[in-house]
Amino acid sequence: MFIAEQKKRDNIAEYLLYMWQLEDILRAYELDIDKVEKGLIDTTNHSDEKKAEARQWYINLIQQMRLEEVEEKGHLNSNKELLNQLSAFHKDLLKNANETKYVETYYKTLPYIQELRAKLQNQAMDEIEICFTALYGYLLLKLQKREISPDTATAVFQISHLMRSLSEKYHSLSNKQN
């Protein structure tokens, strides 16, 4: 919970990837709060008050996953909505004549996005969703200690660069609005 809050403030792309990972972790714990508590909460050095706060946060996430019927796969609506916001923001940046560096980064990344779209066999998938799917897949490969090809590493590096830029611009705009 505390990591999620910090990531949401500092890097919205990392936050979304963290939340996708958390959805999978909660599934691995069979959406059982006792297992979550034992594996995620009790292992921290937080005070009892903070642990109780975290427990309630996980309970709420688990309830939301059940309510939205994403117990086995898929993403919470709040995460889908954030992805949609980032996609819309990305499209706005591409139309903005003052965002030449962002547009340049996007065009350097576009061949990788197109290649991934072909591999995913989903022509309708939004470009930003493809980028997040690629980064999350890379994260899973790393966690599983699987070999990562040089081509994949190159693609992920470029996609990461685009997502970092998108996140920085998103936070810059958010800070101006607050």
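For the sequence shown, my numbering gives the first residue as 20, with consecutive numbering after it. Glycine included, C-beta positions come from ideal geometry on N, C-alpha and C. Please read these numbers as outputs of a predicted model, since none were measured by experiment.
- E134 is not a Cβ neighbour of S106, given a cutoff of 9 Å.
- With contact defined as three or more Cβ pairs closer than 8 Å, the stretch 88 to 98 and the stretch 156 to 174 are not in contact.
- About 7 Å separates the beta carbons of R74 and I52, which is inside the 8 Å limit, making them a contact pair.
- DSSP places N64 in the coil class of the three-state scheme, outside both helix and strand.
- According to the DSSP assignment, R136 belongs to the alpha helix (DSSP H) that extends over T119 to L139.
- Judged by DSSP in its simplified three-state form, M144 adopts coil rather than helix or strand.
- Taking each of I78, Q25 and E72 in turn and checking the Cα distance to L45, the smallest one comes out for I78.
- Judged by their CB atoms, K69 and F21 are nearer to each other than the 9 Å cut-off.
- Secondary structure of G156 (DSSP, three-state): helix.
- Taking C-beta atoms under 8 Å as the contact rule, Q177 and Y131 qualify, at a distance of about 6 Å.
- The shortest C-alpha to C-alpha distance from Y157 to any of W39, K120 and Q83 is the one to W39.
- Here the stretch 173 to 190 lies against the stretch 136 to 156, with 3 or more beta-carbon pairs under 8 Å apart.
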